[in-house]
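Just below is one structure, and these are the notes that go with it.
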Amino acid sequence: MEKAEIIAIVVVTVIAAAELFCLFICSKLQNKSYPLCVALPVNSQDKELPQRLEYIASLIEEGSTFIGTVLLIDIDGTDEQIQLCRDFCAHYHAMELTTAAELENKLRMSL
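Residues -6 to 104 in the working numbering are what the sequence shown spells out, letter by letter.
Have a look at this one:
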């Protein structure tokens, strides 16, 4: 290898290491974390949906910085499940009820 190639590899490696350090180590030291988007499918076979929603709601109420947005994706939910999801969305602004088709359209438009 030539001297210029070795220098370029070293520089890129140092930059990558600095980025990883800042992303993971510095944010942990400052007790910062990056919010996540949680996707929860709503289907008629899910008998534990109320418990799942309660758990996510408890994380939001506790001020968990890990959850930024909760997408409740209606795949084939029952009327009762959809109403439950609407009630949670009305109470917790971090939650949003959407269908798979709406989500697909939003993702296409964002590209």
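Glycine included, C-beta positions come from ideal geometry on N, C-alpha and C.
Asked                                                                                : Found
Every unbroken alpha helix (DSSP H) inside the region 57 to 101 [4 residues or more] : 72 to 84
Between the CA atoms of Ala(-3) and Val4 - distance to the nearest angstrom          : 11 Å
Limits of the alpha helix (DSSP H) - the one that Leu13 falls within                 : Lys(-4) to Leu13
Phe14 burial status per 10 Å Cβ neighbour count (16 or more: buried)                 : exposed
Residue of Gly70, Ile75 and Glu97 minimising C-alpha distance to Asn124              : This structure cannot speak to residue 124, because the chain is shown only from -6 to 104.
For Leu104 and Pro43, the rounded distance between their alpha carbons               : 34 Å
Euclidean distance between Cα positions of Glu97 and Ile75                           : 19 Å
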